[in-house]
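Heads up: the structure comes next, in structure tokens.
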Amino acid sequence: MKVTVFGTGYVGLVTGTCLADVGHDVLCVDIDQKKVDNLNNGIIPIYEPGLESLVRDAVQNGLLHFTTDPKRAVDHGELQFIAVGTPSGEDGSADLQYVVAVAKTIGELMDGYKVVVNKSTVPVGTAEKVQAAITEQLSARKSSLAFDVVSNPEFLKEGAAVNDFMKPDRIVVGTDSEQAEKRLRELYAPFNRNHDRMVFMDVRSAELTKYAANAMLATKISFINEMANLAERLGADIEQVRNGIGADPRIGYHFIYPGCGYGGSCFPKDVKALINIAKGVDYSANLMEAVDRVNQAQKSRLVDYIHQHFGKDLNGKTFALWGLAFKPNTDDMREAPSRVLMEALWAAGAKVQAFDPVAMEETQHIYGLRDDLKLTGTKEAALEKADALVICTEWKNFRAPDFELLKRTLNAPVIFDGRNLYDPARLEEYGFEYYAVGRGKSVQRFS
Ligand code: UDX
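By this note's numbering, the letter at position 430 of the sequence shown is numbered 1580, and the numbering carries on one by one without gaps.
Here it is as structure tokens:
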């Protein structure tokens, strides 16, 4: 099938590439000429495992093209995906200007039936706005061409996006049009073998499904973090509690890992957007507000421990930091807990020596050159002459360090672990002062 994708950001690029990989003829559109030139040469602007080679293969096979030409884009696909950004406004509401601009372009230039597929995460009711924008353009042209607007939210995880797209748990499509349903079934047939993963519903329900999924996951994380904070005060170990509750299949082991808070481009933004959407219909989303509050506080938990250990004034102290990205396998620093940590350390007068396997360039880009931030080439170099080690991201390579070396290199054997990577008893044997999140003995000193 011929498919057009507006927006070559994270979602657009993964969608377009994976659709081309199974044989669809895909044209991706972006306003940034340099980005388009790079993409046509197989160079991608983001870090996502497996994506670059898929882009190269699909470009080479002639199934994936990139353009800045809107006319060519609208002509190309009967299916027109909208995957442009929806940045958060100050109040947390999603800014729809780019989505509406694409809708207008489609309405202005289309000359046959189109299925317009909304992939961007947008407030409930956006499909109707897209519909209205297209209709307005068509009536200005005195045209009565048919089209359908469909909501097809994405559930991709950064770092696993290609796999998530290729092997989806479910493919949610909101539409009331039989014709559109047929097209979407055909489009996704290659990803829908063995058992039917297509879930059709009305448009508004599909739009809400995306927020509900992310809100539920964020709730699980804030829940376990709240329990971790309680465990600390009660002298219990949250990791044992986690095992104890996860055994109940209604709760499950997934996504209840305590830590220094959730970050990334989705959860923080979507939880805030949902609070805002609720306000718009005179409803207080109390639970979501609490989830957001708990998470904000959780991002400062490590800073609390550090102050407990070293006192308020951190002048002259240096902290080794392992992990900058908001989670492993990405260079994404959006809403990363490491940022809250570094900024608090700097504010208290400390220096940071940080290492991350892929996010150091992005960190440099955000903070520029500064005396109190040194990015080191290896995780070991970050430890040199540091007063303690802090861990913000659970990269695999941090899981089994050489503890003897760590002890020798640090000024003092102190670890603040925001991802609960190590066994407190073992670290005690090694002679470390080990602070983890919600872990019995190691944190009882705070109670
Ligand atoms: C998320 C959703 O998983 C995905 O379905 C949606 O489309 C976009 O948002 P992503 O933001 O890429 O994906 O990351 P995810 O792996 O879900 O992690 C989000 C954050 O939660 C990370 O900061 C992670 O460290 C944190 N987290 C996750 C926890 O603190 N504990 C957990 O148990 C799980």
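No residue lacks a Cβ here, since even glycine has one placed at the ideal position from N, Cα and C.
With a cutoff of 9 angstroms on beta-carbon distance, Y1412 and E1485 are scored as near each other. Distances from the CA of A1170 to each of P1199, K1184, S1203 were compared; the closest alpha carbon is that of S1203.
The beta-bridge partner set that DSSP reports for K1501 consists of T1468.
Excluding residues up to 5 positions away in sequence, W1472, F1505 lie with their Cβ nearer than 6 angstroms to the Cβ of K1529 in the same chain. Fully enclosed alpha helix (DSSP H) runs of no fewer than 4 residues occupy 1183 to 1190, 1201 to 1210 of the region 1183 to 1225, in order along the chain. With contacts defined as CB atoms closer than 9 angstroms, L1424 and A1356 fail to qualify as a contacting pair. Closest option to E1198, judged by alpha-carbon separation, among K1292, L1495, A1253, T1167: T1167. For E1512 against D1481, the beta-carbon gap comes to about 5 angstroms, under 8 angstroms, which counts as contact. Note on E1578: under 16 other CB atoms within 10 angstroms of its CB, so exposed under the neighbour-count rule.
Sequence-distant partners of D1352 (beyond 5 residues in either direction) whose C-beta falls short of 7 angstroms from its own C-beta, in its chain, are G1324, D1326. If you check the C-beta of K1546 against ligand 1, you find no heavy atom less than 8 angstroms away.
In the structure shown, the three-state DSSP call for F1350 is strand. Minimum Cα-Cα distance from P1303 among the listed residues D1175, K1184, G1162, A1397 corresponds to G1162. For the 9 angstroms CB-CB criterion, A1368 and V1421 form a contact. Assignment of D1314 by DSSP, reduced to helix, strand and coil, places it in the helix class. Under the 10 Å beta carbon count, N1379 is surrounded by 16 or more other beta carbons and is classified as buried. Taking all protein chains in view, the Cβ of A1290 is surrounded by fewer than 16 other Cβ atoms within 10 Å, so the residue is classified as exposed.
Between L1295 and Y1263, the CB-CB gap stays under 9 angstroms. Counted as a single uninterrupted DSSP element, the stretch harbouring C1168 is not any beta strand (DSSP E) but the alpha helix (DSSP H) occupying residues 1160 to 1171. D1319 counts as exposed, since fewer than 16 other C-beta atoms from the protein chains shown sit within 10 angstroms of its C-beta. The C-beta distance from K1546 to P1478 rounds to 7 angstroms, short enough to fall under 8 angstroms. At the C-beta level, T1285 and G1239 stay beyond 9 angstroms of one another.
If you check the C-beta of G1173 against ligand 1, you find no heavy atom less than 8 angstroms away.
The Cβ atoms of A1509 and A1475 sit closer than 9 angstroms to each other.
The continuous alpha helix (DSSP H) containing A1277 extends over residues 1276 to 1290.
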